[in-house]
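Student: Its first residue numbered 24, the sequence shown is counted upward by one per residue in our numbering.
Glycine is no exception: its CB is placed at the ideal position from the N, C-alpha and C atoms.
Keep in mind that this is a model prediction, so the values were computed, not measured.
Before I ask anything, here is the structure I am working with.
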Amino acid sequence: MKIVSAIKRVPDEIQLRLQTRFPEAAFIFCHGMGEAKYYLEEADVFITYGEDLDREKIQSAKKLKWIMVLSAGMDLMPFDEIAKRDILVTNVRGIHAQPMAEYAISMLLQVSRKAKTLIQQEQKAEWSRRPVMNEISGRTMVLLGTGAIQQEVARLAKAFQIKTIGVSKSGKKKPHFDQTFPVQQLDLVLPLGDFVVATLPSTPGTRYLLEEKHFKEMPKRAIFLNMGRGDLVSSEVILNAVRQKEISHAVLDVFEEEPLPEDHPLWREENVTVTPHLSGISPHYVPRGFDLFEKNLSVFISGDGELRNIIDPKRGY
């Protein structure tokens, strides 16, 4: 069995651990797809971030049985070709939970405690106590999505006595949520949200799910935070909501077009915080991803146990 990785800078200790534990497998660790593509024809298993795969590469990988995606979002993958070949796909859903939850709480705090304004004042050596401070404690948070990331956001929110309301496709009860609702009742819960936090993937059911009417339904004091996918809502809708003061602030880590163009008006909007799609970044990301891969590889080779995070190519998640 030949296992090819396109993940850059895999730590030596991870490489050695895998090679020692699975001597029956030949591992090829490459520095990105530019190098890995030359080994795809021989690969039984391919480890990738997903966005570097296209139909032609899948077609060239004649022996490929399993794609391990070291990412949770896979909207750019050629799932039609993958489904045609009946290739197993798994991902690392869940390993982003801790860094993304910390990002969410930190952004809500920086907006509420006027961190941007204070930094600007510091840079100008301006002693001013005019910025109006707010607290996040005791508020209500509406979370779009109730998976592992949002469960961790909701858990951390409890330290601030925040009421947590989850919205998902099924509306099933999940840990750390005070209430959960199906997406059909989104209009019912948005008016309750002091904070609206989104981590939804890009699927046919979520693309441009949020429209102008939804921002009109949010309280004017609401902070909207999106760290899922940029096509949940158009930039124009967000800009309009902020400029019309339908919400107080938008924190955006994901965008319809990435990188966000330098001349995009979102950069210059006072009540918008822009971050460059980094909410899930952590020094522990790759080790956590390979820990999950190692567990799945043991099952894949032995046939004993259940694989985690299997993706349905027809649905894309």
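Looking at proline 101 and aspartate 3, is the spacing between their C-beta atoms short of 8 Å?
Tutor: Since the first residue of the chain shown is 24 and the last is 340, residue 3 is not available in this structure.
Student: Excluding sequence positions up to five away, which residues of its chain have a Cβ less than 7 Å from the Cβ of glutamate 279?
Tutor: Gly253, Asp254, Ser257, Ser258
Student: Could you tell me if leucine 39 is buried or exposed, where buried requires 16 or more neighbouring beta carbons within 10 angstroms of its beta carbon?
Tutor: exposed
Student: Can you pull the DSSP bridge partners for threonine 187?
Tutor: Looking at the DSSP assignment, threonine 187 forms a beta bridge with Met164.
Student: If you drop the 5 nearest sequence neighbours on each side, which residues of the same chain put their C-beta closer than 8 Å to that of tryptophan 150?
Tutor: Gln144
Student: Among Met123, Val155, Ala124, Pro122, which residue has its Cα nearest to the Cα of alanine 138?
Tutor: Val155
Student: Which partner residues does methionine 91 have in the DSSP bridge list?
Tutor: In the DSSP output, where bridge partners are listed per residue, methionine 91 has Ile70, Thr113.
Student: Could you tell me which whole alpha helix (DSSP H) segments of length 4 or greater appear in the stretch 251–303?
Tutor: Runs of the alpha helix (DSSP H) inside the stretch 251–303: 258–266.
Student: With distances taken from CA atoms, which of Pro122, Ile172, Lys88, Ile159 is nearest lysine 186?
Tutor: Ile159
Student: Leaving out five residues before and five after glutamate 351 in sequence, what residues of the same chain have Cβ atoms less than 6 Å from its Cβ?
Tutor: Coverage of the chain is limited to positions 24 through 340, which leaves residue 351 absent and any answer about it impossible.
Student: Let me know the secondary structure DSSP gives phenylalanine 102 once reduced to three states.
Tutor: helix
Student: Is DSSP giving isoleucine 246 helix, strand or coil here?
Tutor: strand
Student: Taking phenylalanine 183 as the reference, which of Thr169, Met164, Gly170 has the closest Cα?
Tutor: Met164
Student: Leaving out five residues on either side along the sequence, give the residues of the same chain with a beta carbon under 6 Å from the beta carbon of alanine 264.
Tutor: Phe238, Ile270
Student: Taking the beta strand (DSSP E) that valine 219 belongs to, which residues open and close that run?
Tutor: 218–221 is the extent of the beta strand (DSSP E) around valine 219.
Student: For glycine 117, which option in Arg311, Gly326, Lys337, Leu320 has the closest C-alpha, if you only look at C-alpha atoms?
Tutor: Arg311
Student: Is the separation between the beta-carbon of arginine 230 and that of histidine 199 shorter than 8 Å?
Tutor: no
Student: I'd like to know whether the C-beta atoms of aspartate 276 and asparagine 249 end up nearer to each other than 8 Å.
Tutor: Yes, the Cβ-Cβ distance between aspartate 276 and asparagine 249 is below 8 Å.
Student: Beta strand (DSSP E) containing valine 27: first to last residue?
Tutor: 25–28
Student: In this structure, how does DSSP classify phenylalanine 238 when only helix, strand and coil are distinguished?
Tutor: helix
Student: Under the assumption that threonine 113 contacts asparagine 319 (Cβ atoms under 8 Å), give the Cβ distance between them as a whole number of angstroms.
Tutor: 6 Å
Student: Please state whether DSSP places isoleucine 51 in a helix, a strand or coil.
Tutor: strand
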